Structure formats: structure tokens, C-alpha cells
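Participant:
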Amino acid sequence: MSASARWSAFLDKVTSRVTELETEARAGLEGLVETEVLDPVPLSQALSELRARFQGLTKKVDDAWEGTIEPLLADATEAEWNRLWQQGEVLRRRIEATADRLEVEANALHARALHRLVEEEATQPPACASCGAPLSSRVRPRAVNVTCAHCKSVTTVRPGVATAMFFGGGALHALGLAGAAEAFRALATEERRFTAFVHPTSEDLERYREALTTAWTAWAKAKRPWVPGATEAMAQQEAAVKVSQAITPIEQRESARRQARSDALRLARAGNVAGLVSFLRGAGAKQGLDAEAMLECAAEHQGQPALEAALKAAVRLEVPDDAGAWVAEKRAEVLQTVRRRRR
Amino acid sequence: MHAFLSTWAALVQGIGAIVDDALEVEPAGGLTVPWRARCESLGVGLVPEPERFADATGQTKGPPAREVLLLLQAQVRAQLPQLLAGLSASQQTVARTSAETLVREAASHFEVKSREVVKRGLFKHAKATAALHRSGTRSRAETYVLTCAGCGGPRQTDALVCVFCGGAL
């Protein structure tokens, strides 16, 4: 049996196990939430166990690749190696996405069950601790002071366990994530793309920021109906804070260098070799952007014209004896480096 | 006929219990106290170690299949005289064939079950914790009124001062 056939058969087996585990887990998690709502520990234990099971499957894929398949590919072409590696990567991503999806679904299910108890608590009017007269019944997310209409005592009303957990714990976040699941999947893809760059540009960061904004805005919008008195403006502000927390530390690092890469890439894409050479000697050099880094940046951004322009610029900057051979060798080397990094 | 039916029922039960006990043996090729006791009571010799582990290769649980078969046959042998008593020759033939079929079916059932992949149930610990209902199943808002340590009067204003005696609440 060839390495490819063995690998495919193995991946099919693991894939069916992932499907089985997902079905079993979904039913199990639903049963667990039906059994217990006020104690968050059982769900947390179940989710940890589930993570471990899925990680076990990922480990199986990794072990099979390293221990069995890769040694069989010693004489395989790079394209064949890449194709098989990619098959494994697709399954790894599927395992990760399944675990994430189940976790989001289970937490949202728990949050909804908790909210039913919140509504029950809100229908039971608390009594004044001084005279026993009933106080108004409503959802009180936090402890508040209520003046008794009968004896005028200031009664402190503490929310019930379900209400305190719903508004003070992770329930709202879970409902937001479940409502914005699609946007967060897109964000995860965008995050992988952005973090894979060794030479990111300002446009890459901008694209990542847009994905963050879309995801967190959808999150705030999805959780808003669950919060009494929440307004659109409050939701927008909450989303903006989340985006800022994620993006600001990245933004503050290497902003001038990212901009230099953007400018250089723009020149390369336009085929302006002379302009690129002059840029790399001046503003680019100040930001540590040399010919080698420029080549990698162009290759990472997968634009053939940009890479060719960068190669021409590199020839002028490095002045090799045999420019033709040097360019061919450099092109292959840079493309291979970038491809390998992506693994 | 009544005696035959009750003996046959006892035989079927005994065979079922042997298979159940066998499937409780873990790891494959291992030994449990009930299994050892069953073998000793029916005079069936245990497959010695480490041969019994080699014999159980491919199984996920249970003693070696040949040991189970010997025990099943011994169980039938032990109950056969009682089973055949009072039956005509032709009935005895049918009863013997039925007992052999029973042993064959039980042995084959064991072989299938002993090779099934052991699936550990998900969330066993979490389910046990959930069943405890440590936080109760219902809750409601709680209220309290600060009272003055000096005169015992209830808090009447937002200020933390007793309106009755002027003391701090």
C-alpha cells in the first residue's frame, strides 16, 4: 500500500471518529445541561474532557504523520509531500473547529437554561427584610438598594444565584459568541492569515482589524437582547473596546516598518523597479527592509509581478556576477522558504 | 416435562452468567476472582500465564476463548444428567443437540463481544457531579436590611447613619 493510500485510509478513520465523538458529545452535553444548571463545574469538567479527547485525535494524526507517513516520503516530490501534509492539516483544522463549535454551543445552551431560571427568579418578588412586604419583581442583575413602600426601610436586594451567574459570569459572552459564530470563524481564518506573515504590511493589519470589528460587533449585537436596558450605542462601545484590546498591542509594534513594506510592495506591484531600488536604499533601509526581506515579503503576498520586480531590484542592489542564474536560484529559494514557513 | 423446562431454564441462565463473567475479565487474557472460582468449581484448568495473554491476542477483554468454551461445555456436562432424566431416547437426542447449539451460540457471542472496541463513555465524572446538585436546583433573590448596632433601628436612608439614634450603621 502506498504512503498516500495509507494516509488517506488513516485520515478517513480519524474523520469518522471525529463525527462519532461530535454526535456523542452533543447528546452528552445537552443531557448534562438538562441535569444541572446552577453548578458550572460539571459542564466545565465535560468540556475539559472533550478538549482532551479531540487533542488525542490531533495527536494521533501528528504521530501517524511523523512516525509512519513522513519516513515513507523520503523520495517523494515536494508537491506530493505538500499534498499529503495539506490533507492532514485539513483534518487538524476540522478537529479544532469541531471542538470549538461544541464548546460554543454547549456554553450557549447552558446560558439559555440559566436565563430560564433568571426569569423564574424575577417572577418571585423579594420581601422586605424588615416588614416582610413584597418588593417589586423584576430582573436585578446586581445588588441594589430598594426602599420599602410600607416601612421605608432601605432593603438591599441581592440577585439570586441564577441571575448573579447569568449577568456576572460568562453566559452573556457565550450567547454573544453563539450568535456571532460565523463571524468568529472568519476571524479565526483571518487571524491565521495575519499571524502567518513574517513581513506583514499595513493593509494586512487593516484587514485583520476589519475581521475583528465584524466579529466583535456581531458578538455585541447578539448579546444585547439579553441585557435589560442595553442600547445600540452601548453595544458599539463594547465592541470597540474588544477590538482595541486585541489590535492596540499589535498596532504599536513595528508600525513604521509595516508601512515601509506597504510602500515597497506598492512600488513592486506597479513594476517600478527604479523606484523600489531607490526606496530600499533610502526609507526602506531605515526600517531594516533590505532586498532579502523585500523578496520574502513579495513572495508571502503571492503576487508574481511584485516578486519579479523585487528580484530585479535585488539584482541591482546585490550586483551578482551571473544575474540570470542568481535570479532563478533566488526565486526558488524564497518561494520554498515561504512555503515551508506556512506549514 | 416441567422438570425438563426448569432444568433447561437453569442451564440457559448458567451459560448466560458464564458469558457475562467472562466479559467482565479485563485486560484480555486476565483473571478475575469470580472467573477463577467458576473454573475451579467446574474443574476446568486455567490456561497458564503468559500463554493465556498470547491466546487472547486480538481480544479487548475476556479470558482466552478456548478457556471459555471449556467452561461452557463443563457447565452443560454438569447439568446434562438432570436435563435428560425422564426424557425418551428421541427427546434426549434433541435435548443433547440443543445443548450443543446453546454452547456454540454462547461461545460465538463471546468471541464477537470480546473483540469489540471498548468505548469509554463520555462525561461520566461530569454526570456524577451534576447529579449531586451541589448548588440546589432553585434559587431566588435575597434581601437584608442593615440595622443599627446601638438601637436596632432599620436603615431608612441612603446614608449609613441611623435616623433614630444618629449612630453609624
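Protein sequence lines, in the order shown, are assigned to chains A and B. Using this note's numbering, you'd call the opening residue of the first sequence number 7 and step up by one each time. Using this note's numbering, you'd call the opening residue of the second sequence number 1475 and step up by one each time. Every residue, glycine too, gets a C-beta built ideally from N, C-alpha and C. Remember, predicted model here, so these are calculated numbers, not experimental data.
1) Grab me the residues of A:Met171's own chain with a C-beta within less than 8 Å of its C-beta, minus the 5 sequence neighbours each way, in chain order.
2) Alpha carbon to alpha carbon, what distance is there between A:Arg345 and A:Asp18?
3) Measuring CB atoms only, is the region 1483-1497 of chain B touching the region 1573-1591 of chain B, in the sense that at least three cross pairs come out at less than 8 Å?
4) B:Phe1638 touches chain A at which residues, Cβ-Cβ below 7 Å?
5) Taking Cβ to Cβ, would you say A:Leu295 is nearer than 7 Å to A:Ala320?
6) Looking only at C-alpha atoms, which of A:Pro165, A:Ala168, A:Thr153 sits nearest to B:Gln1630?
7) Between A:Ser159 and chain B, is any beta-carbon pair separated by less than 7 Å?
8) Going by DSSP, what residue range makes up the alpha helix (DSSP H) through A:Thr64?
9) Counting only the same chain and skipping the five closest in sequence on each side, list residues whose C-beta sits under 8 Å from that of A:Asn278.
10) Give me the subset of the region 232-254 of chain A whose CB atoms are less than 8 Å from a CB atom of chain B, sorted by chain position.
11) By the DSSP assignment, the beta strand (DSSP E) with A:Glu109 in it spans what residues?
12) Within the chosen definition, does the region 26-44 of chain A reach the region 1598-1614 of chain B through at least 3 CB pairs nearer than 8 Å?
13) In this structure, what does DSSP give as the bridge partners for B:Thr1621?
14) Using a C-beta cutoff of 7 Å, does B:Ser1613 count as contacting chain E?
15) Would you say the region 188-202 of chain A touches the region 210-221 of chain A, given that touching needs at least three Cβ pairs under 8 Å?
16) May I ask you to report which of helix, strand or coil DSSP gives B:Pro1555?
17) What in chain B is Cβ-close to A:Val163, meaning under 8 Å?
18) Applying the criterion that 16 or more other CB atoms from any shown protein chain within 10 Å of the CB defines a buried residue, is A:Arg146 buried or exposed?
19) Just the chain B side, please: which residues come within less than 7 Å of A:Gln130 by C-beta, in chain order?
20) Put B:Pro1522 into one of helix, strand or coil per three-state DSSP.
21) Could you check where the beta strand (DSSP E) with A:Val43 kicks off and where it finishes?
22) Taking the CB atoms as reference points, tell me whether B:Ala1600 and A:Ala33 lie closer together than 7 Å.
23) Which of helix, strand or coil does DSSP assign to A:Val145?
24) Classify A:Thr161 as helix, strand or coil using the three-state DSSP reduction.
25) DSSP three-state call for B:Pro1655: helix, strand or coil?
26) For A:Leu115, I'd like the list of residues in its chain whose CB is within less than 6 Å of its CB, leaving aside the five on either flank, ordered along the chain.
27) Bridge partners for A:Asn151 per DSSP, in chain order?
28) Among all the DSSP beta bridges, which residues are the ones paired with A:Ala133?
29) Taking only three categories from DSSP, how would you classify B:Val1635?
30) Identify whether B:Glu1514 lies in helix, strand or coil by the three-state DSSP scheme.
31) Whose C-beta lies closer than 8 Å to the C-beta of A:Ala180 among residues of the same chain, with five residues either side of it excluded?
32) Do A:Ala192 and A:Ala224 have their C-beta atoms closer together than 7 Å?
33) Report yes or no: do three or more beta-carbon pairs, one from the region 258-266 of chain A and one from the region 222-237 of chain A, lie closer than 8 Å?
34) Does DSSP put A:Glu30 in a helix, a strand or coil?
35) Taking B:Val1518 as the reference, which of B:Ser1480, B:Glu1616, B:Trp1509 has the closest Cα?
36) Closest by CA to B:Pro1537, which one among B:Ala1615, B:Leu1485, B:Cys1513, B:Val1577?
Facilitator: Judging by the given coordinates:
1) For the purposes of this step, residue 171 of chain A is taken as the residue at position 165 of the first sequence. Result list for A:Met171: Leu44, Pro46, Leu120, Ala177, in chain order.
2) If you number the first sequence from 1, residue 18 of chain A lands on position 12. If you number the first sequence from 1, residue 345 of chain A lands on position 339. Spanning the alpha carbons of A:Asp18 and A:Arg345 requires a straight line of approximately 26 Å.
3) Because the criterion of three Cβ pairs below 8 Å is met, the region 1483-1497 of chain B and the region 1573-1591 of chain B touch.
4) What you label residue 1638 of chain B is simply residue 164 of the second sequence in a count that begins at 1. Counting only Cβ-Cβ distances below 7 Å, B:Phe1638 has no contacts in chain A at all, with the closest Cβ about 12 Å away.
5) Residue numbering aside, residue 295 of chain A sits at position 289 when the first sequence is read from its first letter. Residue numbering aside, residue 320 of chain A sits at position 314 when the first sequence is read from its first letter. Cβ distance not < 7 Å, so A:Leu295 and A:Ala320 don't count as in contact.
6) The residue given as residue 1630 of chain B occupies position 156 in the second sequence. Distance from the Cα of B:Gln1630 is smallest, within the candidate group A:Pro165, A:Ala168, A:Thr153, for A:Thr153.
7) Along the first sequence, read from residue 1 onward, the residue named residue 159 of chain A stands at position 153. At a cut-off of 7 Å between beta-carbon atoms, A:Ser159 makes contact with chain B.
8) Taking the first residue of the first sequence as 1, we reach residue 64 of chain A at position 58. It spans 47-70 - the alpha helix (DSSP H) in which A:Thr64 sits, taken as one unbroken run.
9) On the first sequence, position 272 is the one that residue 278 of chain A refers to. Counting only Cβ-Cβ distances below 8 Å, and skipping sequence neighbours, we find Ala315.
10) Flagged: no residues at all.
11) As a working mapping, residue 109 of chain A is identified with position 103 in the first sequence. Careful: A:Glu109 lies outside any beta strand (DSSP E), inside the alpha helix (DSSP H) at 84-129.
12) Segments in contact, yes.
13) Taking the first residue of the second sequence as position 1, residue 1621 of chain B is located at position 147. Partner residues in the beta bridge of B:Thr1621, as assigned by DSSP, are B:Pro1628.
14) Within the model displayed, chain E is absent; protein chains A and B are what it includes.
15) Short answer: they touch.
16) Position 81 of the second sequence, counting from 1, holds the residue named residue 1555 of chain B. DSSP places B:Pro1555 in helix when its eight states are reduced to three.
17) Walking along the first sequence from the start, residue 163 of chain A turns up at place 157. Scanning chain B for C-beta atoms nearer than 8 Å to the C-beta of A:Val163 yields Ala1615, Glu1616, Thr1617, reported in chain order.
18) Here residue 146 of chain A is taken as the residue at index 140 of the first sequence, counted from 1. Label assigned to A:Arg146: buried.
19) As a first step, residue 130 of chain A must be located in the first sequence, where it is residue number 124. Near A:Gln130 (Cβ distances below 7 Å), the residues of chain B are Arg1614.
20) For this step, residue 1522 of chain B is matched to residue 48 along the second sequence. In the structure shown, B:Pro1522 sits in coil (DSSP, three-state: anything other than H, G, I, E or B).
21) Within the first sequence, numbered from 1, the residue matching residue 43 of chain A stands at position 37. Taken as a continuous stretch (DSSP letters only), A:Val43 belongs to no beta strand (DSSP E), as it is neither H nor E.
22) One-based indexing of the second sequence puts residue 1600 of chain B at position 126. One-based indexing of the first sequence puts residue 33 of chain A at position 27. Between B:Ala1600 and A:Ala33, the CB-CB gap reaches or exceeds 7 Å.
23) Here residue 145 of chain A is taken as the residue at index 139 of the first sequence, counted from 1. Here A:Val145 sits in coil by DSSP.
24) Reading the first sequence from its first residue, position 155 is the one you call residue 161 of chain A. A:Thr161 sits in a strand when the DSSP states are folded into three classes.
25) Shown here, chain B extends from 1475 to 1643; a query on residue 1655 of chain B therefore has no answer.
26) On the first sequence, position 109 is the one that residue 115 of chain A refers to. The answer, listed in chain order, is Val39.
27) To locate residue 151 of chain A, count along the first sequence from 1; it is residue 145. Beta-bridge pairing links A:Asn151 to A:Thr162.
28) One-based indexing of the first sequence puts residue 133 of chain A at position 127. Note: A:Ala133 sits in a beta bridge opposite A:Pro140.
29) Within the second sequence, the letter at position 161 stands for residue 1635 of chain B. B:Val1635: strand per DSSP, three-state reduction.
30) Residue mapping note: residue 1514 of chain B aligns to position 40 of the second sequence, counting from 1. Reduced to three states, the DSSP call for B:Glu1514 is helix.
31) The count along the first sequence starts at 1 and reaches residue 180 of chain A at position 174. Excluding positions up to five away in sequence, the list reads Val110, Asn113, Ala114, His116, Ala117.
32) Mapped onto the first sequence, residue 192 of chain A falls at position 186. Mapped onto the first sequence, residue 224 of chain A falls at position 218. The Cβ-Cβ distance between A:Ala192 and A:Ala224 does not fall below 7 Å.
33) Contact between the region 258-266 of chain A and the region 222-237 of chain A is not established, with fewer than three Cβ pairs separated by less than 8 Å.
34) Within the first sequence, numbered from 1, the residue matching residue 30 of chain A stands at position 24. DSSP places A:Glu30 in helix when its eight states are reduced to three.
35) If you number the second sequence from 1, residue 1518 of chain B lands on position 44. Minimum Cα distance to B:Val1518 is reached at B:Trp1509.
36) Taking the second sequence and counting its residues from 1, one reaches residue 1537 of chain B at position 63. Comparing Cα positions, the closest option is B:Cys1513.
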